[in-house]
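Numbering (the UniProt record's numbering), first residue to last: 1 to 478. For every residue, glycine included, the Cβ atom is placed at its ideal position computed from N, Cα and C.
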Amino acid sequence: MDLKKLTIKKTQEGLLSKEFSAVELTKECFKEIEKEKDLNAFLALNKDGALIQAEIIDKKITSGEALKKLDGVPIAIKDNILVKDIISTSGSKILENYVAPYDATVIQKLKESGAIILGKTNMDEFALGSSTENSAFGPTKNSRNRECVPGGSSGGSAVAVAADLSVAALGSDTGGSVRQPASLCGVVGFKPTYGAVSRYGLMAMASSLDQIGPITKTVEDAEIIFNTIRGKDKLDSTSVDDERVKIITGKFSKKKNLKDITIGIPKEYFISGMDSEVEKNIKNKISELEKRGAKIKEVSLPHADYALAVYYIIMPAEVSANLARYDGIRYGASERGAKNLLETYFKTRAKNFGDEPKRRIMLGTYVLSSGYYDAYYLQAQKMRTLIQEDFKKVFTEVDCLITPTTPTTAFKIGEKVDDPLAMYLNDIFTVSANVAGIPAISLPCGEAHGLPVGIQVMGQWFGEEIVFEVAKEIENKL
Ligand code: GLN
């Protein structure tokens, strides 16, 4: 079997035609993971659980039972998503030996659909980063060039798919952590509308921005996984029920043909500082879409320039609150020998958090502190509303937006670790979708400097269908 060729459909075709069994496929994945250990894509493996699941699928096939959507499909899971009985560290020393006591809702749904969970993937500590270099367990390497970062924070998941160690993966995206590594590794990454997918069992980073999304080889696979994990969950009050989604999407006009679709190109996204080769690739793709009949319209998102600043105020504010739970008492590491409770907190956090969580806790508590709250946090919230209004307005004129996913291709490991601002600039094109809550996908768009380039398609709230349609047009026919 050739793992490189396997998409979800091809996996199931191979299983049904008995080209390979689920057990053989699963063993092959573990063999590849072992062979590619140097990539450091995985933090924990689920060998026993995966093989038991594979045997169940093989029995099902032998008995002629129909397959469910993901029966036999190997999937890798970012380490901040809980999989029952498996160590979930979120890339942090503070949770080094923490065993998840329950399945996240998305995991429960994947298991019910027959997916085979291979293991947990490496990530920036608590998803704070754009390169996976902030993992307490060493950086992940980009499989296209091992001297380069895979992007982050879902770097391990992106590499698991790009290096064909797994057919698909899950990541989490708070400011681009699914799309940016997908872009840098040459695979597909999708961030759903805020509220489309339950966050229950995802270790919270910034709760008003976090969404779980698939990383896959094709747009179709991303769509299949999204449709498996989406939906209302009573354990996440921000998840939205189908009825409400239907009311929202019922107002959209049904457009299946590229000729009926108007694509907006936000002029603010073509900035100086963007790699000219990356820009050329994206612009070529836009002209190809135009030649094939799509209407292309230059649009303006006047507050786009503030999105990164808004994100880097609201996000650390929420991070500082969410990370307060790692106190040496409730979960994971606990430093002994402290004189009192407060000292236990201080010792545990000082010793076990890496630099980036500490940096964001300091930034977050600062912007929330009295005296500065109005100047930073409140101001950022107001600007967030204006950014949302920009998108609302633009989606009365166009069906979706196309932009680059990142301003450059993958950079060298170590190149930006000492310059947090340069690192944060990587997120310039991805954060707006989280700030506004809209869906966005990144998919491969050729190469520059021998490395993958990603193109981003953004849609309106719950407009995932059109995002997938346009992405498929880019992927298949251009
Ligand atoms: N790179 C961004 C950050 O460091 C996004 C992280 C994410 O989406 N989890 O905040």
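Relative to ligand 1, is the shortest distance from any of its heavy atoms to the C-beta of residue i smaller than 7 Å?
i: residue 315; result: yes
i: residue 406; result: no
i: residue 173; result: yes
i: residue 128; result: yes
i: residue 427; result: yes
i: residue 208; result: no
i: residue 364; result: no
i: residue 205; result: yes
i: residue 155; result: no
i: residue 91; result: no
i: residue 176; result: yes
i: residue 152; result: yes
Are the CB atoms of residue i and residue j nearer to each other than 8 Å?
i: residue 443; j: residue 188; result: yes
i: residue 278; j: residue 150; result: no
i: residue 128; j: residue 205; result: yes
i: residue 22; j: residue 76; result: no
i: residue 456; j: residue 387; result: no
i: residue 51; j: residue 120; result: no
i: residue 100; j: residue 82; result: yes
i: residue 3; j: residue 236; result: no
i: residue 281; j: residue 453; result: yes
i: residue 313; j: residue 380; result: yes
i: residue 152; j: residue 183; result: no
i: residue 78; j: residue 156; result: yes
i: residue 216; j: residue 225; result: yes
i: residue 113; j: residue 68; result: yes
i: residue 123; j: residue 90; result: yes
i: residue 297; j: residue 397; result: yes
i: residue 244; j: residue 430; result: no
i: residue 412; j: residue 133; result: no
i: residue 409; j: residue 275; result: yes
i: residue 360; j: residue 316; result: yes
i: residue 299; j: residue 264; result: yes
i: residue 212; j: residue 462; result: no
i: residue 71; j: residue 12; result: yes
i: residue 337; j: residue 400; result: no
i: residue 61; j: residue 25; result: no
i: residue 30; j: residue 47; result: yes
i: residue 473; j: residue 289; result: yes
i: residue 377; j: residue 368; result: yes
i: residue 126; j: residue 154; result: no
i: residue 241; j: residue 200; result: no
i: residue 222; j: residue 441; result: yes
Can you look up residue i in the DSSP assignment and give me helix, strand or coil?
i: residue 192; result: coil
i: residue 103; result: coil
i: residue 134; result: coil
i: residue 458; result: strand
i: residue 347; result: helix
i: residue 453; result: strand
i: residue 173; result: strand
i: residue 14; result: helix
i: residue 139; result: coil
i: residue 410; result: coil
i: residue 524; result: An answer regarding residue 524 cannot be provided, because it is not within the stretch 1 to 478 covered by the chain.
i: residue 474; result: helix
i: residue 448; result: strand
i: residue 437; result: coil
i: residue 432; result: helix
i: residue 352; result: helix
i: residue 150; result: coil
Legend entry - Three-pair Cβ contact test at 8 Å for the region 260 to 274 versus the region 351 to 361: No, the region 260 to 274 is not in contact with the region 351 to 361.
Inset, instruction - Spell out a yes or no on whether the region 247 to 259 and the region 287 to 294 are touching, meaning 3 or more CB-CB pairs, one atom from each, closer than 8 Å. - result: Yes: at least three Cβ pairs fall under 8 Å.
Legend entry - Three CB pairs or more closer than 8 Å across the region 375 to 393 and the region 425 to 439: yes
Legend entry - contact_flag[the region 195 to 202, the region 443 to 453] where n(CB pairs < 8 Å) is 3 or more: no
Inset, instruction - Counting only runs of 3+ residues fully inside the region 277 to 340, write out the beta strand (DSSP E) ranges in chain order. - result: 295 to 299
Legend entry - Contained beta strand (DSSP E) runs [length at least 3] in the region 182 to 258, N- to C-terminal order: Fully enclosed beta strand (DSSP E) runs of 3 or longer: 188 to 191, 211 to 216.
Inset, instruction - For the region 17 to 56, list the beta strand (DSSP E) runs that are entirely contained and at least 3 residues long, ordered along the chain. - result: Within the region 17 to 56, complete beta strand (DSSP E) segments of at least 3 residues are found at 42 to 45, given in chain order.
Inset, instruction - Taking 8 Å as the threshold, find out whether the region 244 to 253 comes into contact with the region 457 to 468 through three or more Cβ pairs. - result: yes
Legend entry - Cβ contact check for the region 24 to 44 and the region 132 to 150: 3 or more pairs under 8 Å: yes
Inset, instruction - Evaluate contact between the region 80 to 98 and the region 325 to 339, counting only Cβ atoms and requiring at least three cross-stretch pairs below 8 Å. - result: The region 80 to 98, when compared against the region 325 to 339, does touch it at the 8 Å Cβ threshold.
Legend entry - Contained alpha helix (DSSP H) runs [length at least 4] in the region 360 to 398, N- to C-terminal order: 379 to 394
Inset, instruction - Go through the region 61 to 102 residue by residue and report every complete run of the beta strand (DSSP E) that reaches 3 residues or more, in order. - result: 74 to 78
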